[in-house]
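Below is one structure, written out as structure tokens; the observations come after it.
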Amino acid sequence: MNHTLALTELLGAPVIDSGGAVCGRVREVALAPQEDRAKVAMLVVKTKAGNRNLPFAAVVAIHGGVRTDTSCGEWADSDGSEGLLLLERDLLDQQVIDVDGRKVVRVNDVDLHEELVADRVVLKVGSVDVGARGAIRRLLKGVVPTPALNALLRRIPPREIPWEFVDLIETDPARRVKLKISHDRLAKLHPADIADIVEELAPDEREAVFETLDEGVAAEALEEVEPKLQKAIVESLDSERAADIVEEMDPDAAADLLKDLPEQQKEEILEEMAPDEREEVSGLLEFRENTAAGRMTTEYIALGSDATVNEAIDALRNYEGGIETVNTMFLVDAEGKLIGAVPLAKLVVGSATDPLQSLVQEPLVFAQRETPENEVAEIFDKYNLLTLPVVDENRKLEGVITSDDVISLLRAKL
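Position one of the sequence shown corresponds to residue -14 (this note's numbering), numbered consecutively onward.
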């Protein structure tokens, strides 16, 4: 036996005890996510003596009323929702994340799947209804006869999201822990998709998501968010959490973000950062944002003038920075002066012992630290570059600008 019923249909249903007496009506349907994310654990029953918790394991039928083989006196008082996810309160009319559709949706109803296991009813959340059908069912329940309502609902195409693709948003940190609410599924999406989702959320919901995501995932998503929203998100976090995320960002993106923050908060975040990351970002903060130095990252691969292809491959293997900068490697002399650039593609055609000097790209193109950002964009366009090295007045390599940085610059000017 497998049936599906809506949460709306179950709410308000009479509850009949082992003696055949109607003890009350279903007030809530509860999950215990820390035990089973989908299985209904209990019903909250409204009785004359107050709300009582009916363990769902004691339910023997749910059609024509909820029937149980226990008496009302055996049910414990319902003294709160500690550790429980209440489907009406926590889901109906609430926003959730559809990780498969990569969007934020509002729940209109919940579809429950009924199974019979060892002569006992098992009820599990199968999907959430985000379409008109769920909304109409709730609006017309009790207003029109049930057969007429069901006939109408059959004519409306379903819009459902399977429960396994639903990420809940809980703004209360204590409840997140007790209910084991995480964003593991959301974290598997592309950072740009996460950013789009975050931009649809209310401020407290955005904060909840960034408090829960892994620091690395949060950093990548934050880099994709619009600057004004970036600032708002970081301002909502405590300095320690913000520092954990900023540390994982590309140094240039981190510096751009910190420049927009109030001075006190910027200093608090820098203070919480690890020494190496703090020094790197602090150095970038000294440069004007509309210059090459203000757009560059200090994550890149630089090798000595006598390096070979094999050494370049070893450097790639050990590189922990962003992938945007590895399409070109740079050669520097003993004083750190830029002397050449080697495209990653050329490593494929070189043998292990070939010197990188033999693979350098001509002409060697670079920008000065104070080169205006609009000239940087022109250089990228003229030479069809993916990366552009930035040097100081002595031609010492200071950093690298990526094509992503230029795209962000151009988008900001649109």
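Glycine included, each C-beta is placed from N, C-alpha and C at the ideal position.
Practice task
Mind checking which residues open and close the beta strand (DSSP E) that includes Ala26?
Solution key: Note, Ala26: beta strand (DSSP E), Val25 to Thr32.
Handout entry: Bounding residues of the beta strand (DSSP E) (the contiguous stretch that carries Ala43)
Key = Boundaries for Ala43: no beta strand (DSSP E) harbours it, and the DSSP string shows neither H nor E there.
Handout entry: For Met258, the residue or residues it bridges with in DSSP
Key = None, per the DSSP bridge assignment.
Practice task
With a threshold of 16 other CB atoms inside 10 Å of the CB of Ala187, please say whether the residue is buried or exposed.
Solution key: An exposed status is given to Ala187, since fewer than 16 other beta-carbon atoms sit within 10 Å of its beta-carbon.
Problem - Same chain, Cβ closer than 7 Å to Val219, five either side skipped, listed in chain order - result: Counting only residues of its own chain and dropping the five nearest sequence neighbours on each side, Val219 has a CB closer than 7 Å to the CB of Ala227, Leu242 and Leu246.
Exercise for the section: Would you mind stating whether Pro374 and Leu323 have Cβ atoms separated by less than 8 Å? Expected result: Yes, they are a contact pair.
Practice task
Measure the C-alpha to C-alpha separation of Arg380 and Gly289 and round it to an integer number of angstroms.
Solution key: C-alpha separation (whole angstroms): 15 Å.
Exercise for the section: Kindly indicate which residue of Pro328, Ala287 and Ala397 has the alpha-carbon position closest to the one of Ala362. Expected result: Taking only the C-alpha atoms, the option nearest Ala362 is Ala397.
Exercise for the section: Measure the alpha-carbon distance for Glu190 versus Val44 and round it to whole angstroms. Expected result: Straight-line Cα distance between these residues: approximately 36 Å.
Handout entry: Residue from Ala319, Ala159 and Leu28 with nearest C-alpha to Asp291
Key = For Asp291, the nearest C-alpha among the options comes from Ala319.
Handout entry: Where Asn275 falls, given that 16 or more other Cβ within 10 Å makes a residue buried
Key = It counts as exposed.
Exercise for the section: Report the option in Leu137, Val110, Gly50 and Leu222 whose CA atom is closest to the CA atom of Ala120. Expected result: Looking from the CA of Ala120, the closest CA among Leu137, Val110, Gly50 and Leu222 belongs to Leu137.
Practice task
Pull up the CB-CB distance for Val202 and Ala177, whole angstroms please, since I reckon it's below 8 Å.
Solution key: The pair is not a contact, with the Cβ atoms about 12 Å apart (cut-off 8 Å).
Handout entry: Asp64 to Thr283 span [Cα, whole Å]
Key = Cα-Cα distance, rounded: 56 Å.
Practice task
Tell me whether Ile324 sits in a helix, a strand or coil according to DSSP, three-state version.
Solution key: Assigned with DSSP and collapsed to three states, Ile324 falls in strand.
Problem - Candidates Leu349, Thr156 and Ala337, of which the one nearest Phe195 by Cα - result: Ranking the options by Cα distance to Phe195, first place goes to Thr156.
Practice task
Can you tell me the Cβ-Cβ gap for Asp235 and Glu208, rounded? I've got them flagged as a contact below 8 Å.
Solution key: The beta carbons of Asp235 and Glu208 sit about 7 Å from each other, so the pair counts as a contact at 8 Å.
Problem - Alpha carbon of Trp148 to alpha carbon of His98, nearest angstrom - result: Between Trp148 and His98, the C-alpha separation is close to 11 Å.
Handout entry: Residues of its chain near Leu395, where Cβ-Cβ distance is below 6 Å and the 5 sequence neighbours each way are ignored
Key = Hits under 6 Å: none found.
Problem - Anticipated Cβ contact below 8 Å, Val110 with Leu16, distance rounded - result: Confirmed, Cβ separation roughly 7 Å.
Exercise for the section: Give, in chain order, every unbroken run of the alpha helix (DSSP H) that is at least 4 residues long and sits entirely within the region 35 to 91. Expected result: Counting whole runs of 4 or more residues, the region 35 to 91 contains the alpha helix (DSSP H) stretches 72 to 75.
Exercise for the section: Can you check DSSP and say which residues form a bridge with Pro147? Expected result: For Pro147, which the question treats as bridged, DSSP gives the partners Ser112.
Handout entry: With 16 other Cβ atoms within 10 Å as the buried cut-off, status of Glu73
Key = Around the beta carbon of Glu73, 16 or more other beta carbons lie within 10 angstroms, which makes this residue buried.
Handout entry: Contacting residues, own chain, Cβ-Cβ under 6 Å from Glu185 (five flanking each side not counted)
Key = Listed in chain order, the non-local C-beta contacts of Glu185 below 6 Å within the same chain comprise Val89, local neighbours out to five positions each way being set aside.
Problem - Distance CB(Val29)-CB(Glu13) smaller than 8 Å - result: In this structure, Val29 lies near Glu13, with their beta-carbon atoms less than 8 Å apart.
Exercise for the section: Give the secondary structure of Pro340 by DSSP, where H, G and I count as helix, E and B as strand, and everything else as coil. Expected result: Reduced to three states, the DSSP call for Pro340 is strand.
Practice task
For Pro247, write down the residues that DSSP places opposite it in a beta bridge.
Solution key: Beta-bridge partners of Pro247 (DSSP): none assigned.
Practice task
Check Ile230 in the structure and name its three-state DSSP category.
Solution key: Correct three-state label for Ile230: helix.
Practice task
Return the CA-CA distance between Asn369 and Val350, expressed in angstroms with no decimal places.
Solution key: In this model, Asn369 and Val350 are separated by some 11 Å (Cα to Cα).
Handout entry: Collapsed DSSP secondary structure at Glu360 in the structure displayed
Key = In the structure shown, Glu360 adopts helical secondary structure according to DSSP, grouped into three states.
Exercise for the section: Would you kindly work out how many angstroms separate the C-alpha atoms of Val391 and Lys244, rounded to a whole number? Expected result: C-alpha separation (whole angstroms): 19 Å.
Handout entry: Secondary structure, beta strand (DSSP E): runs of 3+ residues fully inside the region 276 to 329
Key = The qualifying runs are 287 to 289, 313 to 317 and 323 to 328.
Practice task
Have a look at Ser336 and Pro18 and give me their C-alpha separation to the nearest angstrom.
Solution key: Spanning the two alpha carbons is a distance of roughly 56 Å.
Handout entry: Close beta carbons around Thr55, own chain, < 7 Å, minus the five adjacent residues each side
Key = Taking Thr55 as the centre and dropping the five residues before and after it, the same chain places the C-beta of Asp2, Ser3 and Ala43 closer than 7 Å to its C-beta, in chain order.
Problem - Cβ pair count under 8 Å reaching 3, the region 255 to 273 against the region 300 to 315 - result: With the cut-off at 8 Å, the region 255 to 273 and the region 300 to 315 do not touch.
Problem - Same chain, Cβ closer than 6 Å to Lys165, neighbours up to 5 away in sequence not counted - result: Listed in chain order, the non-local C-beta contacts of Lys165 below 6 Å within the same chain comprise Pro18 and Gln19, local neighbours out to five positions each way being set aside.
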